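Residues in the sequence shown are numbered consecutively from 99, following this note's numbering.
Reviewing the structure listed below.
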Amino acid sequence: MRTSTQETAGPNRGLCHGPQPLSARLEPWMNELLADDAACRALLAEHGSPVNVIETGPLVRNIDQLRAVAARHGVDFEVYVARKANKAVAVVDAARDAGAGIDVASDAELAQVLQRGVDPAKIILTAAVKPPATLRRALRAGVVISLDNQDELADLSAESPDTRPEVALRIAAQSDGIRPTRFGLSPAEWLDALAARGSGVRVSGVHFHLHGYAAADRVTVLGEALEFVDRLRAAGHEVRFVDIGGGLPMSYLEEQSEWDAFWAALRARRAALAGGAPAEEATAVPELTWNDDPLGLDGSGAVYPFWQELTRAAWLEAVLAAPVPGRGAEPALTVAEAVRGRGLELRCEPGRAVLDGCGLTLASVAFRKKRADGVPLVGLHMNRTQMRSTSLDVLLDPLLVRAPGAAAEPAVEAYLVGAYCIEDELILRRKLRFPKGVRRDDVVAFPNTAGYLMHIIESASHQIPLAANVVRRGGDYTRDAIDARQPVAP
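Quick look at the structure:
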């Protein structure tokens with residue numbers, strides 16, 4: 099499919115926003131597409147609803163931003179794109195062509211990136227569970243395997259009795275203030291395991307992955323990792339890299355003020371309800387969420403921080419410029435100096451941070467109705483797994499795409515609901531305001547969904563086909579090769 103290109107300022111954000119707006123950052127290509135209602139409708143007509151649109155240009159830009167920071171510090175550095183963050187084959191090809199590495203988390207991902215011609219030296223296998231067949235595939239290709247536990251080490255030894263495969267050891271941080279993790283072992287446990295098994299593996303890397311996005315936490319655990327590198331080298335292993343995993347932050351929103359205002363309004367609403375205020379006073383603070391869902395304010399769960407001040411390049415700068423925690427060895431050195439002084443390569447495995455700006459999801463309107471108690475609903479031809487991660491909600495305003503000159507409908511505040519036969523089948527748990535109503539021929543667009551939101555928990559429950567994935571190159575839109583592996587909408 100090819101669409102016309104046009105100079106435009108972008109879509110009309112006034113057609114859809116929350117009572118407390120959360121305006122998403124948009125790439126120029128998103129503005130161009132969303133301003134062309136005919137192109138959006140054509141994509142849905144050809145590929146079904148929803149349809150994921152992927153543009154890999156921002157991926158290369160984001161990788162280059164990170165590389166530039168490391169280069170300023172003289173640090174040998176590489177980005178290993180988290181394959182699990184988006185399943186489109188176009189992402190693999192773009193990362194390969196940019197010379198980046200790829201972090202694979204399953205046998206299928208490993209087989210795929212090898213088939214796409216990615217250099218095995220640019221792949222790391224980090225799967226949480228590694229079946230014997232996956233270990234064999236990695237061994238045949240010469241891919242570095244990130245080991246998580248002693249049983250994996252035993253499995254690998256059984257699969258490679260006559261060779262010394264190259265591995266990274268995943269460490270579970272022991273520092274105070276670092277949240278416990280189920281992944282990896284302590285450095286002491288790894289040293290004991292290696293001593294017990296002799297020299298059956300070549301340890302070429304130390305690897306960790308942390309909860310959250312704090313630069314200070316990475317600095318703390320890098321201190322542990324560098325000490326572990328020194329001990330491994332003293333034991334005869336030629337360690338050549340440290341991998342800090344993912345969790346590089348990005349910011350979805352245009353303004354911090356909107357993020358702060360949303361949470362202030364939600365807290366005010368919760369306080370009014372909890373304080374036993376008269377109904378007229380409680381309702382003076384408007385409802386913001388489905389059934390007044392607190393979205394984690396009561397400790398019921400976590401919401402991704404859709405606004406973050408320190409992101410990507412600035413975040414990496416903060417890590418590299420920070421002093422290594424004083425553990426008696428090199429307290430005066432920065433992270434960059436400590437890594438450089440050891441001749442190590444620094445690696446990271448970002449998902450969202452490099453896929454920032456690489457995708458959006460379009461859906462068509464199925465119906466408009468009211469719940470039994472009068473709450474307005476707008477049904478979409480999609481389900482909640484097709485635009486969701488492990489976060490309690492996606493705190494971004496969608497955009498309503500409407501043909502120019504189309505007649506307005508009555509203004510309404512409504513919730514977006516989906517196709518699953520579940521009472522709580524919400525696409526978003528926030529109420530949305532539609533000042534000019536919702537038409538059956540409107541298109542709802544969810545911005546910046548490439549990083550995890552499209553694919554990480556998508557489901558074909560009810561035997562509903564998975565969303566189609568199309569790749570944008572200039573004015574052309576072509577089906578991504580990943581869709582050949584699964585039933586998809588026509």
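Cβ atoms here follow ideal geometry from the backbone N, Cα and C, with glycine treated the same way.
Just so we're clear, the structure is a prediction, and the values are computed from it rather than from any experiment.
Cβ-based burial, residue i [other Cβ within 10 Å; buried from 16]
i: Gln272; result: exposed
i: Ala323; result: buried
i: Asp540; result: buried
i: Cys114; result: buried
i: Asp341; result: buried
i: Val227; result: exposed
i: Asn389; result: exposed
i: Thr232; result: buried
i: Ile222; result: buried
i: Ala192; result: buried
i: Gln561; result: exposed
i: Ser355; result: exposed
i: Ser102; result: Confidence at Ser102 is low in this model, with a pLDDT of 43, below 50, so its placement is unreliable and the value that follows should be read with caution. Burial call: exposed.
i: Pro229; result: exposed
i: Gly439; result: exposed
i: Gln213; result: exposed
i: Lys467; result: exposed
i: His309; result: exposed
i: Thr576; result: exposed
i: Arg365; result: exposed
i: Cys519; result: exposed
i: Pro588; result: Any reading at Pro588 must be qualified, since the residue scores a pLDDT of 39, below 50, and its modelled position is unreliable; the value itself is stated next. Classification of Pro588: exposed, given that the 10 Å Cβ count is below 16.
i: Pro126; result: exposed
i: Glu207; result: buried
i: Ala451; result: buried
In DSSP terms, what residue i is bridged to
i: Ala122; result: Leu351
i: Phe306; result: None; Phe306 has no bridge partner.
i: Ile580; result: DSSP lists no partner for Ile580.
i: Leu530; result: Ala512
i: Glu176; result: Arg445
i: Val340; result: Val304, Leu444
i: Tyr550; result: According to DSSP, which records beta bridges pairwise, Tyr550 is partnered with nothing at all.
i: Asn567; result: Asn150
i: His115; result: Arg531
i: Ala543; result: Leu460, Leu497
i: Gly199; result: Tyr178
i: Tyr575; result: Arg570
Closest Cα partner of residue i within the set the options
i: Val211; options: Leu142, Lys185, Gly303; result: Lys185
i: Arg331; options: Leu414, Gly441, Ser349, Leu320; result: Gly441
i: Gly321; options: Ala430, Arg181, Asn110, Thr547; result: Ala430
i: Gly424; options: Val383, Pro474, Val317; result: Val317
i: Tyr350; options: Gln561, Asp581, Val327, Ala122; result: Ala122
i: Ala137; options: Arg583, Asp574, Ala256; result: Asp574
i: Asp454; options: Leu494, Asn160, Arg528; result: Asn160
i: Ala461; options: Glu407, Val242, Val452, Ala143; result: Ala143
i: Thr409; options: Arg367, Ala400, Gly399, Ala313; result: Ala313
i: Arg300; options: Ile269, Ile243, Phe326; result: Ile243
i: Asn110; options: Asp134, Phe306, Asn546; result: Asp134
i: Phe532; options: Val187, Gln561, Leu498; result: Leu498
i: Asp274; options: Asp249, Ala239, Asp315; result: Asp315
i: Asp260; options: Gly373, Gly298, Ile520, Arg570; result: Gly298
i: Arg238; options: Gly535, Ala252, Pro263; result: Pro263
i: Phe339; options: Glu257, Asp253, Arg445; result: Arg445
i: Gly116; options: Phe465, Phe360, Leu458, Glu153; result: Phe360
i: Asn546; options: Val187, Pro119, Asn129, Ala169; result: Asn129
i: Ala470; options: Glu521, Leu308, Asp328, Glu287; result: Glu521
i: Glu325; options: Val241, Gly303, Ala168, Leu346; result: Gly303
i: Ala169; options: Gly373, Leu418, Ala294; result: Leu418
i: Ala188; options: Pro218, Leu208, Asp201, Leu157; result: Leu157
i: Arg486; options: Glu556, Arg500, Ala543, Val463; result: Glu556
i: Val190; options: Arg165, Lys220, His171; result: Lys220
*Please determine if the stretch 492 to 505 and the stretch 408 to 417 are in contact, where contact requires at least 3 C-beta pairs separated by less than 8 Å.*
No, the stretch 492 to 505 is not in contact with the stretch 408 to 417.
*In chain order, which beta strand (DSSP E) runs of at least 3 residues are fully inside the stretch 143 to 170?*
The stretch 143 to 170 contains, as complete beta strand (DSSP E) runs of 3+ residues, the segments 149 to 152 (chain order).
*Okay, do the stretch 139 to 159 and the stretch 474 to 492 touch, 3+ Cβ pairs below 8 Å being the bar?*
Contact holds: three or more Cβ-Cβ distances are below 8 Å.
*asked:* Going residue by residue through the stretch 447 to 501, where are the continuous alpha helix (DSSP H) segments of at least 4 residues, counting only ones entirely within it?
replied: Fully enclosed alpha helix (DSSP H) runs of no fewer than 4 residues occupy 450 to 453 of the stretch 447 to 501, in order along the chain.
*In chain order, which continuous runs of the beta strand (DSSP E) of length 3 or greater are located wholly inside the stretch 226 to 263?*
Counting whole runs of 3 or more residues, the stretch 226 to 263 contains the beta strand (DSSP E) stretches 242 to 245.
*Fully enclosed by the stretch 357 to 427, which beta strand (DSSP E) runs are 3 residues long or longer?*
You should have found no qualifying run.
*Only counting runs of 3 or more residues, tell me where the beta strand (DSSP E) segments fall wholly within the stretch 262 to 331, in order along the chain.*
The qualifying runs are 264 to 268, 300 to 305.
*Could you tell me whether the stretch 173 to 180 touches the stretch 508 to 525, using the rule of 3 or more Cβ pairs below 8 Å?*
Flag = no, the stretch 173 to 180 and the stretch 508 to 525 do not touch.
*Taking 8 Å as the threshold, find out whether the stretch 232 to 241 comes into contact with the stretch 279 to 294 through three or more Cβ pairs.*
As far as the Cβ criterion goes, the stretch 232 to 241 does not touch the stretch 279 to 294, which means the pair count is below three.
*Below 8 Å, can you find three or more Cβ-Cβ pairs linking the stretch 481 to 494 to the stretch 391 to 402?*
They touch, by the three-pair rule.
*Using 8 Å as the Cβ pair cut-off and three pairs as the minimum, do the stretch 153 to 170 and the stretch 194 to 203 touch?*
Touching, per the Cβ criterion.
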